[in-house]
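Asks: Dropping the structure in here first, questions after.
Below is the structure:
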């Protein structure tokens, strides 16, 4: 029998594997189980609780960014207001450069503002003496000096307020994010599962395997499988593939899937040798 006839009798085996991992860390080797804390469907709904708590703490959020489900969380700040300013100045890194520049500018501008204010007030008082009552220019000079002092004070305090407000917001956001978040899950969402994989073997593989080999392959249907399998199948497998004669196996690791495929392909090679 030629190779073409063998290929027509035994078509190549195809398969696809759907792995369930944490959508935040993509790590399937953690001992911590996966949970489905929100309304996201399919494999994207699985996450580690610690990963979710860290993400909620760093983003200062309490809702899912995809389905907008509101989590029940408890936030505990690591530092009080006084300690947080000290740690913020120490741990902010490159963001502290604008703070240092503004402090230096304030150190230089404040004494200069005070000196100019003193000189202007002293000059205004001098031109307000009785001997200058008959000179209109002296009055206008005194009035102009007072206006200049007022404008200078308004500009100076506006700048100081804007700088303090900007850096105060940065500190406050950092303080709120530097916290410990505890996620309180409802009873129906607290079930944990370990990382699993779903192997979907195409119909052509089933047709090329003898009946005795098919019986040795463990079959899992939607009735006797865990509760997670119908959700995965309905969310990730096309309807045309579900209607075909396929084999679906739920495996704890991908190594068992490889063993299953090796067993099927090995049986296929044995069948070809028998036919030849």
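Residue numbers (the UniProt record's numbering): 1 to 276. Glycine is no exception: its CB is placed at the ideal position from the N, C-alpha and C atoms. Note that the structure is a prediction, hence the values are computed from the model and not measured.
Taking the beta carbon of residue 154 as the centre, do at least 16 other beta carbons fall within 10 Å, making it buried, or is it exposed?
Replies: Taking the first residue of the chain shown as position 1, residue 154 is located at position 154. Residue 154 comes out exposed.
Asks: Of all the options 23, 19, 43 and 35, which has the alpha carbon lying nearest to the alpha carbon of residue 187?
Replies: Here the question's residue 187 lines up with position 187 in the chain shown. Here the closest residue by C-alpha is 35.
Asks: Just checking: is the beta-carbon of residue 126 within a distance shorter than 8 Å of some beta-carbon in chain C?
Replies: This model lacks chain C altogether; it includes just one protein chain.
Asks: Taking the straight line between their C-alpha atoms, what separation do you get for residue 19 and residue 43?
Replies: As a first step, residue 19 must be located in the chain shown, where it is residue number 19. As a first step, residue 43 must be located in the chain shown, where it is residue number 43. Cα to Cα, residue 19 sits roughly 8 Å from residue 43.
Asks: Does the beta-carbon of residue 168 have 16 or more other beta-carbons within 10 angstroms, so that it is buried, or is it exposed?
Replies: In the chain shown, the residue the question calls residue 168 occupies position 168. Exposed, by the Cβ-count rule.
Asks: Are the beta-carbon atoms of residue 152 and residue 116 separated by less than 8 Å?
Replies: In the chain shown, the residue the question calls residue 152 occupies position 152. In the chain shown, the residue the question calls residue 116 occupies position 116. Taking 8 Å as the Cβ cut-off, residue 152 and residue 116 qualify as a contacting pair.
Asks: Out of 170, 174, 24 and 177, which has the shortest C-alpha to C-alpha gap to residue 99?
Replies: In the chain shown, the residue the question calls residue 99 occupies position 99. The shortest C-alpha separation from residue 99 is found at 170.
Asks: State the start and end residues of the unbroken beta strand (DSSP E) segment that holds residue 77.
Replies: Within the chain shown, numbered from 1, the residue matching residue 77 stands at position 77. Unbroken beta strand (DSSP E) run through residue 77: 73 to 77.
Asks: Tell me, which residues are paired with residue 47 by DSSP?
Replies: Within the chain shown, the letter at position 47 stands for residue 47. Answer by DSSP bridge pairing, in chain order: 35.
Asks: Compute the Euclidean distance between the alpha carbons of residue 142 and residue 134, then round it to the nearest angstrom.
Replies: Locating residue 142 in the chain shown gives position 142, where the first residue counts as 1. Locating residue 134 in the chain shown gives position 134, where the first residue counts as 1. One C-alpha to the other measures close to 14 Å.
Asks: Give me the residue from 29, 55, 22 and 90 with the minimum Cα distance to residue 183.
Replies: Position 183 of the chain shown, counted from the first residue, corresponds to residue 183. Looking at the Cα atoms, 55 is the closest of the given residues.
Asks: Using only the alpha-carbon positions, how far apart do residue 89 and residue 96 sit?
Replies: Along the chain shown, one-based indexing puts residue 89 at 89. Along the chain shown, one-based indexing puts residue 96 at 96. The straight-line gap from Cα to Cα measures roughly 7 Å.
Asks: Can you tell which of 37, 107 and 103 has its C-alpha closest to the C-alpha of residue 73?
Replies: Reading the chain shown from its first residue, position 73 is the one you call residue 73. That would be 37, whose Cα lies nearest to the Cα of residue 73.
Asks: If distances are taken between C-alpha atoms only, which option among 22, 81 and 112 comes closest to residue 173?
Replies: Counting from one through the chain shown, the residue named residue 173 turns up at place 173. Ranking 22, 81 and 112 by Cα distance to residue 173 puts 81 first.
Asks: I believe residue 158 touches residue 78 by the beta-carbon criterion, under 8 Å. Please report the beta-carbon distance rounded to the nearest angstrom.
Replies: Taking the first residue of the chain shown as 1, we reach residue 158 at position 158. Taking the first residue of the chain shown as 1, we reach residue 78 at position 78. That pair is no contact at about 34 Å.
Asks: If we ignore side chains and look at the alpha-carbon of each, how far apart do residue 69 and residue 160 end up?
Replies: Within the chain shown, numbered from 1, the residue matching residue 69 stands at position 69. Within the chain shown, numbered from 1, the residue matching residue 160 stands at position 160. So the alpha carbons of these two residues sit roughly 41 Å apart.
Asks: Are the beta-carbon atoms of residue 156 and residue 113 separated by less than 8 Å?
Replies: The sequence position of residue 156 within the chain shown is 156, counting from 1. The sequence position of residue 113 within the chain shown is 113, counting from 1. Cβ distance < 8 Å, so residue 156 and residue 113 count as in contact.
Asks: Across which residues does DSSP place residue 182 in a beta bridge pair?
Replies: Start at 1 with the first residue of the chain shown, and residue 182 comes out as number 182. In the DSSP output, where bridge partners are listed per residue, residue 182 has 74.
Asks: What did DSSP end up calling residue 19 once you bin it into helix, strand or coil?
Replies: Looking up residue 19 in the chain shown gives position 19. Note: residue 19 maps to strand in three-state DSSP.
Asks: Taking the straight line between their C-alpha atoms, what separation do you get for residue 118 and residue 148?
Replies: Taking the first residue of the chain shown as position 1, residue 118 is located at position 118. Taking the first residue of the chain shown as position 1, residue 148 is located at position 148. Roughly 12 Å between the two C-alpha positions.
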